[in-house]
Amino acid sequence: MPLAVFVTNVDISSTSEEFATGLSHILCDRLHRDEGTVSVHIQPNQFILRGGSTDPAGYVTLCTSRGFGDIDHRRETSQKILDFIKEHLKLKSSSRFMVYMHTMSADDIGVDGGLVSDKYGCMGQGGPFDIRWHKITK
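All residue numbers for the sequence shown refer to my numbering, where the first residue is 4 and numbers rise by one.
Here's what the structure looks like:
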């Protein structure tokens, strides 16, 4: 049940749905998840001061219980997201945008009146290399 939250000081309200859909597709591809499990939250027009400037800036926070793969996969995921932001916002550079990746424990995510660990019969920290998550990732 991956979650992406995009916070920016750029006004993308007229294209928020298009942006959210594009970001969702990237997450589905990079995390090997069905689109029905991915949530995207867009927060445009926020006040962000970075490096003493209010030039276009922002960040994407990604949360998932399955992890983001090895370091190379994480780099590629970050690059794809930042390239997408640069293209969609028509920026010269994406250097004022960041991607934060958080792997959460299945015990820390509530769903259907319980926890992900309750629902899928696993517990503790999940991730793509955790044997307890094998039945979910197949």
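For glycine and all other residues, C-beta sits at the position ideal for the given N, C-alpha and C. Here the structure is a predicted model, which is why all the values come from computation and not from measurement.
Residue interval of the beta strand (DSSP E) (run including residue i)
| i | result |
| --- | --- |
| Q46 | 42-46 |
| L65 | 61-67 |
| F100 | 100-106 |
Among the options, the one whose alpha carbon lies nearest that of residue i
| i | options | result |
| --- | --- | --- |
| E90 | M4, S42, E21 | E21 |
| K93 | V13, V8, N48, G116 | V13 |
| A109 | D86, Y103, M101, S120 | S120 |
| F87 | R53, L26, D115 | L26 |
| S19 | T80, D111, Q46 | Q46 |
| E79 | S17, F9, R33 | R33 |
| M4 | I112, S17, S81, K95 | I112 |
| M101 | K95, L85, G116 | L85 |
Distance CB(residue i)-CB(residue j) smaller than 8 Å
| i | j | result |
| --- | --- | --- |
| R99 | D58 | yes |
| H35 | C66 | no |
| S68 | M107 | yes |
Contacting residues, own chain, Cβ-Cβ under 6 Å from residue i (five flanking each side not counted)
| i | result |
| --- | --- |
| K83 | I29 |
| G124 | none |
Cβ-based neighbour list, residue i, same chain, cut-off 7 Å, excluding 5 preceding and 5 following
| i | result |
| --- | --- |
| F3 | Examination of residue 3 is not possible in this model, given that the chain is present from 4 through 141 alone. |
| R53 | A60, R99 |
| V114 | M4, K122 |
| V10 | Q46, Q49, G61, Y62 |
Cβ shell of residue i (< 8 Å), same chain only, five flanking positions each side left out
| i | result |
| --- | --- |
| I74 | none |
| R77 | F71, M104 |
Boundaries of the alpha helix (DSSP H) in which residue i is found, first to last residue
| i | result |
| --- | --- |
| F87 | 74-91 |
| V119 | 119-123 |
| L34 | 19-34 |
For residue j and residue i, believed in contact at Cβ under 8 Å, the rounded distance
| i | j | result |
| --- | --- | --- |
| T64 | Y103 | 5 Å |
| L6 | S42 | 5 Å |
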